[in-house]
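Taking it in order: structure first as structure tokens, then the write-up.
In mature numbering (1 follows the signal peptide of the UniProt record, and there is no 0), the protein residues as written are -24 to -1, 1 to 578.
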């Protein structure tokens, strides 16, 4: 659970932390005063910046660059992230002052994080960190540590966040940075599953942040403590702590923190069996203005409301919230994947840059040697040429490594790690492209949906190692029945799908039956499991109600697969559209209780 406000970082990143001047007269004095009040008195800050802009003809070049940075902060506060970020990027490249470049890089990093442009945010954070050791003022130097620690906690890299917090705390920080570092440290320790010293790690941190009048930080630390208590069997105590301080949390007006506290209360009340209180907190989350629809708070809220509706028998409301829960959970998982991809790519770029620097250093050393060689014999000159060739080969080698790493990252995002098949997202993308191409010439396409029977029993009775072996074997035998133009993917769990190009329903039924027989012939005895391995298969073709729509094909194949399940499993069923009403024939209806019982079995 992220507990630090990225917006509060934007407000506090890069303070010069100089006292406000009571009688500011010179341009430089007014710049310092605007910097000092920026995070605490926004109205005064705006007035000062506007006045400085009118008097810009009194400033020198350095003061004008400082004014540009303050104007970028003002744009960011007003929501003009694009304009603020673009000008701050220019300052990073153009400003001769190290402190100004450092602060501008931190501003770009924070704006990018707010915009969910994680790769840009990490790149500029790394630039700021690379300049950190050249910043003499510890109050400014430690700002990058609090920004980095907050982002690392946000990304779930708690060890890195803890390192940044400890670094700030060891650098004799000012009170503002000390409060932020203590908050980051508590969150990182809890995320790593370590024991919290409730006196030093929590109570002292709360008292310190309260003395700095930082209510968001105080209540974020309390939320971490409540999460820690709940994980150690002290859920009632955690509920009491959060409910006691909920009014203060609401007074912060920070939607994200409020949502996270309410989410913890909803989850804890649900775990305690108090569905009414859990539902009340969940409703407060989903109705709050400005609540992030992809946040964990939104996911938990819709799940609680879904369970509450199920308990009171309101099927329509339960379905609505379950759909919203599924959409929010998927969006959240996609965001987590994007953050992790950006983080890993950023780490790779840093490594590549360091390697390039090392190679450039070697090249400079080689050129120096070459100048010396020019004054020596022909043999020494030949040796320098040989060393230069080695350097060129090294550049080529690292370029090849970089291309290979990019390819590996792309394959990682598209492939199921256990079976080596296309994952759900990649299978869908490729299938939709194939269907669109086949639709232009009306080429037949069929979709097979395979679901292993009683797979849960294999995992429960034989162990997950045996279950993983079975899934790999199913992938292996399935590949044997795929042609070069066909697609094969794992949709999740024990569910697989094939898209067969230029394949009508009859040919698809033959392929499905061959797959079913091949799966039934899998012998899991080598893993110590004596249970049979079978699959129920649903088949659908484009020549019918499904046409070339991927969603319709999957849904109809799923319906046919359920028919196979209900008919006794280990069989193949072809999807047939339900008869037209009034034609004298009724589609057999699935008994809901039997269907639910069957779903629990497999």
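Heads up, the beta-carbon is just placed ideally off N, CA and C, and yes, glycines get one too.
In this structure, what does DSSP give as the bridge partners for residue 427? 471 and 512
For the stretch 110 to 156, which segments carrying the alpha helix (DSSP H) assignment without a break, of at least 4 residues, lie completely within its bounds, in sequence order? 114 to 117, 119 to 131 and 134 to 145
How far does the beta strand (DSSP E) with residue 550 in it extend, from its first residue to its last? 548 to 550
Residue 579, enclosing alpha helix (DSSP H) - first and last residue: Nothing in the structure corresponds to residue 579, since the chain is present only between -24 and 578.
Cα-Cα, which of 317, 312, 310 and 269 is closest to residue 297? 269
Find out if the Cβ-Cβ distance for the pair residue 71, residue 108 is shorter than 8 Å. no
Can you name the start and end residues of the alpha helix (DSSP H) that residue 23 belongs to? 18 to 30
Going by other Cβ atoms of all chains shown within 10 Å of its Cβ, with 16 needed for buried, is residue 495 buried or exposed? buried
In this structure, does DSSP put residue 466 in helix, strand or coil? strand
Using the three-state DSSP reduction, which class does residue 447 fall into: helix, strand or coil? helix
C-beta contact flag for residue 258 and residue 280 at 8 Å: yes
Could you give the distance in angstroms between the alpha-carbon of residue 95 and the alpha-carbon of residue 500? 45 Å
What does a CB cutoff of less than 7 Å around residue 571 pick up in its chain, not counting 5 residues either side in sequence? Only weak support is given to the placement of residue 571: the predicted model assigns it a pLDDT of 44, under 50, and the value that follows is read from those uncertain coordinates. Cβ within range, chain order: n/a, list empty.
Cα-Cα separation, residue 239 to residue 202: 12 Å
By the 10 Å Cβ neighbour count, where 16 or more other Cβ atoms means buried, how is residue 58 classified, buried or exposed? exposed
Nearest to residue 147 by CA position, among 122, 134 and 171, is which residue? 122
Quick check: residue 515 and residue 492, are their CB atoms within less than 8 Å of each other? no
Counterpart residues of residue 391 in DSSP-defined beta bridges: 398
Among 43, 408, 82 and 162, which residue has its Cα nearest to the Cα of residue 142? 162
Reduced DSSP secondary structure (H/G/I, E/B, other) of residue 476: strand
So, is residue 437 buried or exposed, given that buried needs 16 or more other C-beta atoms within 10 angstroms? exposed
Suppose the cutoff is 6 Å on Cβ atoms and the five residues either side in sequence are ignored; what does the same chain contact list for residue 425 look like? 473, 514, 533, 534 and 537
Enumerate in chain order the residues of its own chain whose CB-to-CB distance from residue 461 is below 6 Å, with the five nearest sequence positions on each side excluded. 477
What whole-angstrom Cβ distance do residue 581 and residue 234 have, given they're in contact under 8 Å? This structure cannot settle anything about residue 581, because the visible part of the chain is limited to -24 through 578.
Just to confirm the assignment, what range does the alpha helix (DSSP H) spanning residue 14 have? Residue 14 -> no alpha helix (DSSP H), and no H or E assigned at all.
For residue 368 versus residue 357, is the C-beta distance shorter than 8 Å? no
In this structure, does DSSP put residue 517 in helix, strand or coil? strand
State the DSSP-derived secondary structure class of residue 422, mapped to helix, strand or coil. strand
Checking contacts by CB at 8 Å: is residue 476 closer than that to chain D? The structure shown has no chain D; it contains just one protein chain.
Which residues bound the alpha helix (DSSP H) around residue 434? Run containing residue 434: none; DSSP gives neither H nor E here.
Neighbour-count burial assignment, residue 133, 16 or more Cβ in a 10 Å radius: buried
Nearest residue (CA-CA) to residue 312, options 408, 92 and 231: 92
Collapsed DSSP secondary structure at residue 73 in the structure displayed: coil
Sorted by chain position, which residues of the same chain lie with C-beta nearer than 6 Å to residue 305's C-beta, five sequence neighbours on each side aside? 275
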